[in-house]
Structure formats: C-alpha cells, structure tokens
Amino acid sequence: FGSSQESPFQSSRRSVSTRDECQIERLNALEPTRTVRSEAGITDYFDEDNEQFRCAGVSAIRRVIEPRGLLLPSMSNAPRLVYIVQGRGMVGLVMPGCPETFQSFQRSEQYEREEGERHRRSKDEHQKVYQFQEGDVLAVPNGFAYWCYNDGENPVVAITVLDTSNDANQLDRSHRQFLLAGRQEEGRQRYRREESIKENILRGFGTELLAAAFGIDMELARKLQCRDDTRGEIVRAENGLQVLRPSRREEEERKSIN
Amino acid sequence: GLEETYCSMKIKQNIGDPRRADVFNPRGGRITTLNSEKLPILRFIQMRAERVVLYRNAMVSPHWNINAHSIMYCTGGRGRVEVADDKGETVFDGELRQGQLLIVPQNYAVLERAGSEGFQFVSIKTSDRAMVSSIVGKTSALRGMPEEVLMNSYRISRDEARRVKLTRGDEVAIFAPRRESRAEA
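Protein sequences appear in the order of chains R and B. Residue numbering for the first sequence follows the numbering used here, starting at 4 and increasing by one per position. Residue numbering for the second sequence follows the numbering used here, starting at 15 and increasing by one per position.
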C-alpha cells in the first residue's frame with residue numbers, strides 16, 4: 004500500500020513529524036498498563052500515550068490465547084507484525100477480493116459416496132489458513148480481517164507491534180481495532196478509571212438494514228450484532244475448530260493419483 | 015524529460031457514461047471507478063474517484079475502506095446511509111440527499127441503500143489505490159472465513175453460518191433488492 008512511490012506532488016496529508024514528540028531525555032523499559040480478560044485469554048495493552056511510543060509512532064499489544072481459544076475476527080487501522088513468543092496455532096487473513104481457495108468440494112465428493120450425508124454437510128470453502136508456531140513472524144496489513152486460533156496444548160503468547168505512523172494509516176496515530184464479531188470491555192487503565200464497551204461494527208448498523216444487506220432474517224442479524232455477548236475478544240471454541248487445511252498425508256495420497 | 019512525462023499527461027476521464035461501468039447489476043445499479051491505472055496522474059495526487067448509481071432500494075454491500083478516507087457527494091436521488099466506528103457505535107444514520115456531502119473515515123464501516131427514486135453519488139477517495147473490503151457477498155470478509163470461525167464468533171449454528179456466507183454469495187458490491195422490481199436508472 005505504500006502510497007509514497009516517487010511522487011513529485013506527494014501529499015502532506017499525514018503530518019508525521021515526530022520532532023516535538025521525540026524530546027526524550029530518558030528511555031525506560033515498558034510494561035503493559037492495561038489488561039483485558041476474555042473468556043479464553045488475556046490482552047495486555049502498552050500505553051500508546053507514552054512519549055516513547057509516540058516518538059516511534061507505534062503501538063504494542065501482548066496477547067495470551069489459551070488452548071482452544073479463538074481470537075475473534077477484527078481489523079485495525081495500522082499494519083502490524085506479530086511475533087509468536089510461545090505456542091502454535093492457525094491464523095486466517097482475509098484478503099479482500101481474493102477467492103476462497105480452500106475448498107472441501109473435491110474431498111467431499113470423493114467421500115460422499117462412501118460415507119453419505121455426514122461429509123456432504125461438512126462442505127465449506129474459505130480463504131487460506133496459515134499454521135504458525137513459536138518463533139514465527141506474521142505480517143498483517145491494515146484493514147485486512149484477521150482471526151487466530153490456538154490448536155495446541157499450551158497457551159499462545161504473541162507480541163504485536165502496530166505501525167500507526169505508517170503511510171497506510173490515514174487516521175490519527177492511535178491504534179483502532181475494529182471488531183467484526185463479539186464485543187469487548189475496553190478494560191481499566193492504570194491512570195484512568197473509566198471502563199467502556201467496544202461493540203463490533205455490525206452493531207453500528209440498524210438490525211433491519213443489516214438483515215436486508217445480508218439477505219437474512221432479523222433474528223440472525225441480531226445474533227451477528229452480539230448484543231449480549233460477554234466473552235470478550237478471545238472466545239473458547241468448546242468443540243475445537245475444524246477448518247480445512249492440507250496435511251502431509253493428503254499430499255502423499257495425491258501423488259499416487261493419475 | 016518533464017515535457018515527455020508530466021506535461022502531456024492525460025488529466026481527465028469520464029465516469030458518468032454507463033458503458034464504462036466496472037460493476038453492473040441490471041437489478042441493482044453500477045459502479046465506475048477511476049484509479050491510477052486508468053488515469054496515471056492520480057498516482058501523483060494520490061486520490062481516486064468512484065461513481066455509484068443505485069436503482070430503487072438497491073444497496074451497496076456493507077464495507078470499509080482499507081487505506082483511504084471516502085468523501086461521498088450525492089448527485090441525485092436519495093439514500094439511507096449508516097456508518098459505524100471502531101467502537102461499533104453509529105456515527106451517522108441518516109439520509110443523504112442531492113447536494114449533500116458525507117465524509118467516511120478510513121476503516122469505518124458503511125452501508126448505503128437507495129430510496130424509492132434511486133441514489134447516485136460520487137465517492138472521492140484519498141488514495142489512488144484505495145481498496146475496499148466488503149463484509150458480505152462474493153469475495154467478502156465473512157465469505158472468506160471458515161464456517162466454524164463464524165459459528166464460534168457469533169454463537170450460531172452451522173446452517174446459520176452457511177446462510178450468512180452464502181445468501182449474498184453470488185453478488186458483488188451491489189445488492190439488488192429482494193422481491194423488488196427494477197426501477198429506472
């Protein structure tokens with residue numbers, strides 16, 4: 004998304020001068036100042052108002068996702084890199100305009116004859132799902148919907164740095180997370196006592212208009228708005244998460260087919 | 015070198031002509047985009063434009079702008095517009111009429127539905143490669159997620175997840191009204 008290129012008329016739309024914000028006399032080691040507990044994990048926020056963060060034009064978050072924990076789909080106004088400190092799992096990044104390349108159709112048809120309705124029901128198609136493990140770095144562009152699931156036996160610990168001063172962000176330099184599902188308490192800051200609820204973006208639409216847009220009934224539209232959901236941004240998938248992903252065994256099977 | 019590049023650069027392109035439409039739904043309307051691929055000077059000013067014509071009661075797929083702000087200017091008809099911010103709060107819920115302008119910040123979710131006389135607007139975006147992410151419909155965010163992610167995210171059944179993914183599954187960008195006849199453009 005680099006909008007700069009070699010433009011002679013480059014816009015000064017975003018004033019990212021950090022001259023005034025980088026008058027730092029002393030650097031400090033920083034720890035999270037705000038913790039938000041969800042049903043299946045914890046989100047720790049570092050204070051983005053800290054002068055060191057403001058100087059660097061970044062924001063940071065640490066998440067702990069328990070086994071079978073699903074980080075609900077969301078997107079944000081800044082690109083980010085995520086480092087997996089511990090654990091393993093899978094991540095889905097929905098790239099707008101791209102096709103659903105993970106499809107169960109072929110496999111289902113193959114098995115339907117043998118196992119009937121059970122596999123016919125499991126048909127699904129979606130965009131690529133990536134598996135990650137300790138030591139991996141994940142790159143997530145701004146505005147791309149993103150979800151994450153811990154399919155391991157230990158908690159996933161991930162540190163995320165968001166580049167809020169990146170050219171791709173045309174909003175202000177605060178990190179803004181846009182939930183696509185669920186709702187979340189914003190938590191309590193060390194120096195601020197107020198608490199607030201962050202709703203998902205579908206909650207911001209009228210239920211009737213939302214139902215018309217999706218072509219679904221009002222009751223289902225209300226469910227999408229998650230009005231009474233208290234699980235937070237990391238929820239527990241009680242029965243695990245069965246998504247399409249190729250395994251080594253399937254690759255080997257495929258080799259034997261003409 | 016300047017004479018050969020900038021001085022002779024094309025600076026105009028029509029987006030009102032229906033034959034130039036990039037997205038067309040005979041029951042819904044059309045969208046014509048103008049980006050830096052079509053008009054290279056836009057790369058320098060880092061903006062792009064879009065002309066949207068919605069027929070009666072048609073909708074633009076709910077979406078957000080990934081990397082740009084969007085400035086909507088209504089050129090005809092009227093439409094209901096709803097905009098949601100990062101807190102999921104409604105920051106605009108009203109009618110946009112001819113001559114009115116609405117600024118939709120980057121990443122804010124927006125939903126537009128034409129009124130009974132249709133809805134035409136121009137959308138100027140603050141990036142020459144502005145991208146949109148649809149929430150529902152073909153190649154949309156929800157369509158691209160596994161059913162089980164939707165089931166656990168919204169606490170819905172597999173059948174409901176499938177309806178969410180597939181009911182608008184073949185439509186892109188413009189949604190025709192259901193059980194409605196097409197109005198005149």
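In this text, a Cβ means the ideal position worked out from N, Cα and C, and glycines have one as well. Given the structure is predicted, the values throughout are model-derived calculations rather than measurements.
(1) If we ignore side chains and look at the alpha-carbon of each, how far apart do residue 199 of chain R and residue 189 of chain R end up?
(2) Checking the sheet assignment: what are the DSSP bridge partners for residue 92 of chain R?
(3) Any chance you could list the alpha helix (DSSP H) runs of at least 4 consecutive residues sitting entirely within the region 163 to 187 of chain B, in chain order?
(4) So, does the CB of residue 102 of chain B fall closer than 8 angstroms to a CB anywhere in chain R?
(5) Expressed to the nearest angstrom, what Euclidean distance is found between the alpha-carbon atoms of residue 71 of chain B and residue 171 of chain R?
(6) Ends of the beta strand (DSSP E) at residue 152 of chain B?
(7) Which residues does DSSP list as the beta-bridge partners of residue 149 of chain R?
(8) Measuring CB to CB, does residue 178 of chain B end up less than 8 angstroms from residue 77 of chain B?
(9) Taking residue 234 of chain R as the reference, which of R/144, R/187 and R/35 has the closest Cα?
(10) Is the Cβ of residue 51 of chain B closer than 8 angstroms to any Cβ of chain R?
(11) Answer with buried or exposed for residue 44 of chain B, where buried requires no fewer than 16 other C-beta atoms within 10 angstroms of its C-beta.
(12) Buried or exposed: where does residue 5 of chain R fall if 16 or more other Cβ atoms within 10 Å of its Cβ makes it buried?
(13) May I ask you to report which of helix, strand or coil DSSP gives residue 229 of chain R?
(14) Could one say the Cβ of residue 261 of chain R lies closer than 8 angstroms to chain B's Cβ atoms, at least one of them?
(15) Helix, strand or coil: how does DSSP classify residue 25 of chain R here?
(16) If I follow the unbroken beta strand (DSSP E) through residue 134 of chain B, where does it start and stop?
(17) Report the option in B/83, B/137, B/151 and B/139 whose CA atom is closest to the CA atom of residue 1 of chain R.
(18) Residue 33 of chain R versus chain B: which residues are under 8 angstroms apart at the beta carbon?
(19) Can you tell me the Cβ-Cβ gap for residue 44 of chain R and residue 68 of chain R, rounded? I've got them flagged as a contact below 8 angstroms.
(20) Where does the unbroken beta strand (DSSP E) through residue 96 of chain B begin, and where does it stop?
Result, derived from the coordinates:
(1) As a working mapping, residue 199 of chain R is identified with position 196 in the first sequence. As a working mapping, residue 189 of chain R is identified with position 186 in the first sequence. Cα-Cα distance, rounded: 5 angstroms.
(2) What you label residue 92 of chain R is simply residue 89 of the first sequence in a count that begins at 1. R/135, per the DSSP bridge assignment.
(3) Within the region 163 to 187 of chain B, the complete alpha helix (DSSP H) runs of at least 4 residues are 172 to 180.
(4) Sequence index remark: in the second sequence, residue 102 of chain B carries index 88 (1-based). True, the Cβ-Cβ gap to chain R drops below 8 angstroms.
(5) Within the second sequence, residue 71 of chain B is the residue found at index 57, counting from 1. Within the first sequence, residue 171 of chain R is the residue found at index 168, counting from 1. Taking the straight line joining both Cα atoms gives about 34 angstroms.
(6) The count along the second sequence starts at 1 and reaches residue 152 of chain B at position 138. Residue 152 of chain B -> no beta strand (DSSP E), and no H or E assigned at all.
(7) Numbered from 1 along the first sequence, position 146 holds the residue referred to as residue 149 of chain R. Partner(s): R/77 and R/96.
(8) On the second sequence, residue 178 of chain B is found 164 positions in, with the first residue counted as 1. On the second sequence, residue 77 of chain B is found 63 positions in, with the first residue counted as 1. No, Cβ-Cβ distance for residue 178 of chain B and residue 77 of chain B is not below 8 angstroms.
(9) What you label residue 234 of chain R is simply residue 231 of the first sequence in a count that begins at 1. Ranking the options by Cα distance to residue 234 of chain R, first place goes to R/187.
(10) Counting from 1 along the second sequence, the entry for residue 51 of chain B is found at position 37. Under the Cβ criterion of 8 angstroms, residue 51 of chain B is not counted among the residues facing chain R.
(11) Counted from its first residue, the second sequence places residue 44 of chain B at position 30. Answer is buried; the Cβ neighbour count reaches 16.
(12) Within the first sequence, residue 5 of chain R is the residue found at index 2, counting from 1. Reliability fails at residue 5 of chain R, whose pLDDT of 40 lies under 50, so the model's placement of it is uncertain and the value that follows must be treated cautiously. That one is exposed.
(13) One-based indexing of the first sequence puts residue 229 of chain R at position 226. Correct three-state label for residue 229 of chain R: coil.
(14) The residue given as residue 261 of chain R occupies position 258 in the first sequence. It does not: the Cβ of residue 261 of chain R has no partner Cβ on chain B nearer than 8 angstroms.
(15) Along the first sequence, read from residue 1 onward, the residue named residue 25 of chain R stands at position 22. The answer is helix: DSSP assigns residue 25 of chain R an H, G or I state.
(16) Indexing the second sequence from 1 puts residue 134 of chain B at position 120. Unbroken beta strand (DSSP E) run through residue 134 of chain B: 123 to 139.
(17) Absent from the structure is residue 1 of chain R, since the part of chain R shown begins at 4 and ends at 261.
(18) Translated into positions along the first sequence, residue 33 of chain R becomes position 30. Here the premise fails: no neighbours, minimum Cβ distance about 24 angstroms.
(19) Numbered from 1 along the first sequence, position 41 holds the residue referred to as residue 44 of chain R. Numbered from 1 along the first sequence, position 65 holds the residue referred to as residue 68 of chain R. Correct: roughly 4 angstroms between the Cβ atoms.
(20) Here residue 96 of chain B corresponds to residue number 82 of the second sequence, with the count starting at 1. From DSSP, the beta strand (DSSP E) with residue 96 of chain B extends over 84 to 98.
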